[in-house]
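The structure appears below as structure tokens.
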Amino acid sequence: MARIVMKFGGTSVADLDRIRNVATRVKREVEAGHEVSVVVSAMSGVTNQLVKWCSDLSPLHDAREYDTVVATGEQVTIGLLSIALQTIGVEARSWQGWQIPISTDGAHGKARVEEIDGSRLVAAMGRGQVPVIAGFQGIGPEERVATLGRGGSDLSAVAIAAAVKADRCDIYTDVDGIYTTDPRIVPRARKLQAVAYEEMLELASVGAKVLQTRSVELAMKQKVRVQVLSSFEDRPGSMVVDEDEIVEQPLVTGVAYSRDEAKVTLRRVPDKPGIAATVFGPLADANVNVDMIVQNLASDGTTDMTFTVGKADVPRAREVLEKERASIGYAEVLADPEVTKISIVGIGMRSHAGVAATMFKTLAEKGINIQVISTSEIKTSVLVGAEYTELAVRALHTAYGLDAPA
Ligand code: ADP
Ligand code: ASP
Ligand code: MG
1481 MARIVMKFGG TSVADLDRIR NVATRVKREV EAGHEVSVVV SAMSGVTNQL VKWCSDLSPL
1541 HDAREYDTVV ATGEQVTIGL LSIALQTIGV EARSWQGWQI PISTDGAHGK ARVEEIDGSR
1601 LVAAMGRGQV PVIAGFQGIG PEERVATLGR GGSDLSAVAI AAAVKADRCD IYTDVDGIYT
1661 TDPRIVPRAR KLQAVAYEEM LELASVGAKV LQTRSVELAM KQKVRVQVLS SFEDRPGSMV
1721 VDEDEIVEQP LVTGVAYSRD EAKVTLRRVP DKPGIAATVF GPLADANVNV DMIVQNLASD
1781 GTTDMTFTVG KADVPRAREV LEKERASIGY AEVLADPEVT KISIVGIGMR SHAGVAATMF
1841 KTLAEKGINI QVISTSEIKT SVLVGAEYTE LAVRALHTAY GLDAPA
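First residue of the sequence shown? That's 1481 in the working numbering, and the numbers climb one at a time after it.
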């Protein structure tokens, strides 16, 4: 007997037939003698609609009320799946974040999980019940519902798995594993049997949304065994494992892209000590994450400063920069959402020079202009015009020898 956490994403619970399919899968594990907890997302498209309603009412809405709205999607799914399970003879009960409780910090909209008390869930499983848990949500310090950032149900699942000391955390989704790149963009992407935690963390953080970044971070820290697999087909998925369990390590393991960032340029900033602190300090205080940064060479005592922020954070970034206009002293702010960040990731990059050069050459051969570059030990990212996304990802996938045999 094993203790398993099964997580089902939005497309896996998109309608009643799919919820019935999920119930059947859960029943199978229960009948095999396992103790099972289930974590679910909102039905496909629901969270997007809820987010849009908040933004349409007010782009700078109160984050606590945003959480009140967007956390409702998951509540519907836990009730429906519990009914579907009961209908086929599986004892099941729904759980919202506060009932467990899943305690978070107060950063509403992107809260961090601080603590989970797994004892009630363990007791329920011990009584032969299947807890059906709302992903994406917890309870903040003011006893208000708090959400964990988009894609946060993966984090819920891994955190629950750690809290109940599960043997496995199975993430069921609409692809049958982790691929060398998004299989929806590159049909010749290859499925990886195993991916190192560190690589998966980097891939997720640069846009491979098959797993949410923080879920991988937590799995790595707590040594949770994570498997990504299909909720529609019966096939083994991909495991996320320790680096030393991977036999053959290619230079580049995967290519990822993110359309979630916008490019912000501050024109004619005075070129003097302390200017970066004056720009990025207030943005950080307003909870706006800045990713890539470039500052051009100064001429005439001023310079252009370009950086990227999440698309959803653009109104807030503009507001902050407007407020700080006098102390920064720039001429104008430009925001361009028509950009994509393309990244290559691989542990092999640590020990081999020239990997990034191949990336730049490949993009140049396709006539794709690079707007911003950033690197880390096992990753290189470039910002390009959004219209080049598919072309760039495919070209890089081929250039690094990742294509599946025809
Ligand atoms: P869920 O709703 O189940 O959480 P997501 O849409 O969040 O599903 O994540 C699954 C999607 O991630 C896939 O449909 C696929 O398009 C995308 N994806 C991006 N990069 C990868 C990758 N490297 N491997 C597999 N899927 C990927
Ligand atoms: N429903 C939430 C979202 O769409 C959480 C998740 O699906 O993981 O972001
Ligand atoms: Mg997801």
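For glycine and all other residues, C-beta sits at the position ideal for the given N, C-alpha and C.
For Lys1590 and Val1550, I'd like the C-alpha separation in whole angstroms. Spanning the alpha carbons of Lys1590 and Val1550 requires a straight line of approximately 12 Å.
Original post:
Which first and last residues belong to the beta strand (DSSP E) in which Asp1497 is found?
Top reply: Element bounds for Asp1497: not the beta strand (DSSP E) but the alpha helix (DSSP H), Leu1496 to Glu1511.
Alpha carbon to alpha carbon, how far is Gly1489 from Met1523?
8 Å
_Within a Cβ cutoff of 6 Å, which residues of the same chain sit near Glu1804, ignoring the five residues on either side of it in sequence?_
Correct list, in chain order: Pro1762.
ask   = Unbroken beta strand (DSSP E) runs of length 3 or more, entirely within the stretch 1569-1613: which are they?
value = 1572-1575, 1582-1584 and 1593-1596, all fully within the stretch 1569-1613.
Sub-9 Å separation of Val1852 and Val1862 beta-carbons = yes
Please state whether DSSP places Arg1544 in a helix, a strand or coil. helix
- Taking 5 Å as the limit, tell me which residues put their C-beta closer than that to any heavy atom of the ligand MG, in chain order. Gly1489 and Gly1631
Can you check DSSP and say which residues form a bridge with Glu1515? Arg1483
- prompt: CA-CA distance, Ala1875 and Gly1620?
  reply: 45 Å
What runs of the alpha helix (DSSP H), each 4 residues or longer, lie entirely inside the stretch 1814-1856? 1835-1845
*asked:* So, for Ile1773: in the same chain, excluding its five sequence neighbours on each side, which residues have a beta-carbon less than 7 Å away from its beta-carbon?
replied: Phe1787
Point to revise | Inside the stretch 1736-1822 only - beta strand (DSSP E) runs reaching at least 3 residues | key: 1741-1750, 1770-1775, 1782-1790 and 1812-1816
Say the cut is 8 Å; is the CB of Ala1587 nearer than that to a heavy atom of the ligand ADP?
-> When distances are taken from the beta-carbon of Ala1587 to the heavy atoms of the ligand ADP, even the shortest one reaches 8 Å or more.
- Item | Near the ligand ADP: Arg1544 beta-carbon under 8 Å from a heavy atom | no
*How many Å lie between Leu1565 and Glu1799 at the Cα?*
48 Å
- Where does Gly1598 land, buried or exposed, given buried means 16+ other C-beta within 10 angstroms? buried
Using the Cα positions of Asp1740 and Met1719, report the straight-line distance between them to the nearest angstrom. 26 Å
Taking the Cβ atom as the reference point for each residue, do Ala1639 and Ser1695 lie within a distance shorter than 9 Å?
-> yes
Taking DSSP as the reference, what is the three-state secondary structure of Arg1648?
When DSSP states are grouped into helix, strand and coil, Arg1648 belongs to the strand group.
Should Ser1861 be counted as a contact of the ligand ADP given a C-beta to heavy atom distance under 8 Å?
no
Name the DSSP beta bridge partners of Phe1616, please?
-> Bridge partners of Phe1616: none, in fact.
Three-state secondary structure (DSSP) at Val1690? Val1690: coil per DSSP, three-state reduction.
- Query: Can we count Val1526 as close to the ligand ASP, meaning its CB is less than 8 Å from some heavy atom?
  - Reply: yes
Between which two residues does the alpha helix (DSSP H) holding Lys1532 run? Val1526 to Leu1537
If you reduce the DSSP assignment to three classes, tell me which class Tyr1677 lands in.
Judged by DSSP in its simplified three-state form, Tyr1677 adopts helix.
Inter-residue CB distance, Asp1714 and Leu1746 (contact presumed, cutoff 8 Å): That pair is no contact at about 53 Å.
Top-ranked residue by Cα proximity to Ile1848, from Ser1856, Val1493, Ala1866 and Gly1734 = Ala1866
inquiry  = Helix, strand or coil, according to DSSP, for Ala1879 in the structure here?
reply    = helix
Practice problem: Measure the Cβ-Cβ separation of Ile1596 and Trp1575 and say whether it is below 9 Å. | Solution: no
Note to self: I want to check one thing, is the minimum distance from the CB of Glu1697 to the heavy atoms of the ligand ASP below 8 Å?
What the structure shows: no
Q. For Ala1684, which three-state DSSP category applies?
A. helix
### Message
Taking 9 Å as the threshold (C-beta atoms), are Thr1661 and Gly1734 in contact?
### Response
Yes, the Cβ-Cβ distance between Gly1734 and Thr1661 is below 9 Å.
Check: Taking Cβ positions, are Arg1796 and Val1768 nearer each other than 9 Å?
Finding: yes
Could you give the DSSP three-state label for Val1655: helix, strand or coil? coil
*His1541 versus Lys1743 - alpha carbon distance*: 22 Å
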